[in-house]
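Student: Pasting in a structure now, in structure tokens, and then I'll have a few things to ask.
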Amino acid sequence: MYVINQRSSRRHVHDRSRGRSAPRSGVKQVRSVLEDAGFDVIFEEFSHEDPVEGVLRLTDEYGADLLVVAGRKRSPTRESLFGSVSQQVMPDTDLPVLVRDPG
Numbered sequence: 001m002y003v004i005n006q007r008s009s010r011r012h013v014h015d016r017s018r019g020r021s022a023p024r025s026g027v028k029q030v031r032s033v034l035e036d037a038g039f040d041v042i043f044e045e046f047s048h049e050d051p052v053e054g055v056l057r058l059t060d061e062y063g064a065d066l067l068v069v070a071g072r073k074r075s076p077t078r079e080s081l082f083g084s085v086s087q088q089v090m091p092d093t094d095l096p097v098l099v100r101d102p103g
């Protein structure tokens, strides 16, 4: 199981921080639940100019069978203007995509 955390940054940095603790409590919780369920978890964190490109590259690199993304609550105006990573990833991948509700 691969847990990928995309951090917002203006720099183009790919940080393969395997084995380090996750910086956000949500990611820590997901990692903990998966490990408790018996999954081997590799945590990868990256900052990337285009998060969609980064996620798609990593799913190809790891040979993923399923992509799970966390949604975020946004106003309808913000959603229509900026879209979301999950919305942008879906048309560009052949993988099934599971979007987790943030609530």
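Start counting the sequence shown at 1; every next residue gets the next number (the UniProt record's numbering). Glycine included, each C-beta is placed from N, C-alpha and C at the ideal position.
Where does S47 sit, in a helix, a strand or coil, going by DSSP?
Tutor: Along the sequence shown, one-based indexing puts residue 47 at 47. In this structure, S47 counts as strand in the three-state DSSP scheme.
Student: Where does V68 sit, in a helix, a strand or coil, going by DSSP?
Tutor: Position 68 of the sequence shown holds residue 68. Of the three classes helix, strand and coil, the one that applies to V68 here is strand, per DSSP.
Student: From D92 to P51, what does the alpha carbon distance come to, in whole angstroms?
Tutor: For the purposes of this step, residue 92 is taken as residue 92 along the sequence shown, with counting starting at 1. For the purposes of this step, residue 51 is taken as residue 51 along the sequence shown, with counting starting at 1. The straight-line gap from Cα to Cα measures roughly 13 Å.
Student: Between L58 and V97, which are expected to be in contact by the criterion C-beta below 8 Å, what is the C-beta distance as a whole number of angstroms?
Tutor: Counting from 1 along the sequence shown, the entry for residue 58 is found at position 58. Counting from 1 along the sequence shown, the entry for residue 97 is found at position 97. Actually they are not in contact, since the Cβ atoms of L58 and V97 sit about 14 Å apart, beyond 8 Å.
Student: Name, in chain order, the residues that DSSP records as bridge partners for V97.
Tutor: Residue mapping note: residue 97 aligns to position 97 of the sequence shown, counting from 1. Partner(s): L67.
Student: Among G54, G63, K28, E61, which has the Cα closest to the Cα of V89?
Tutor: Residue 89 sits at position 89 when you count from the first residue of the sequence shown. Selected option, being the one with the closest Cα: G54.
Student: Assign E61 to buried or exposed, taking buried as 16 or more other Cβ atoms, counted over all protein chains shown, within 10 Å of its Cβ.
Tutor: Here the question's residue 61 lines up with position 61 in the sequence shown. Classification of E61: exposed, given that the 10 Å Cβ count is below 16.
Student: Return the residue from the list V33, V27, D36 that minimises the CA-CA distance to E44.
Tutor: Taking the sequence shown and counting its residues from 1, the one referred to as residue 44 is at position 44. The residue among V33, V27, D36 with its C-alpha nearest the C-alpha of E44 is V27.
Student: Label P23 either buried or exposed according to how many other C-beta atoms from any shown protein chain fall within 10 Å of its C-beta, with 16 as the threshold for buried.
Tutor: Locating residue 23 in the sequence shown gives position 23, counting from the first residue. At P23, the pLDDT of 43 sits below 50, so the modelled position is not reliable and the matter cannot be decided from this model.
Student: Output the distance between the C-alpha atoms of V33 and P76, rounded to the nearest integer angstrom.
Tutor: Here residue 33 corresponds to residue number 33 of the sequence shown, with the count starting at 1. Here residue 76 corresponds to residue number 76 of the sequence shown, with the count starting at 1. One C-alpha to the other measures close to 32 Å.
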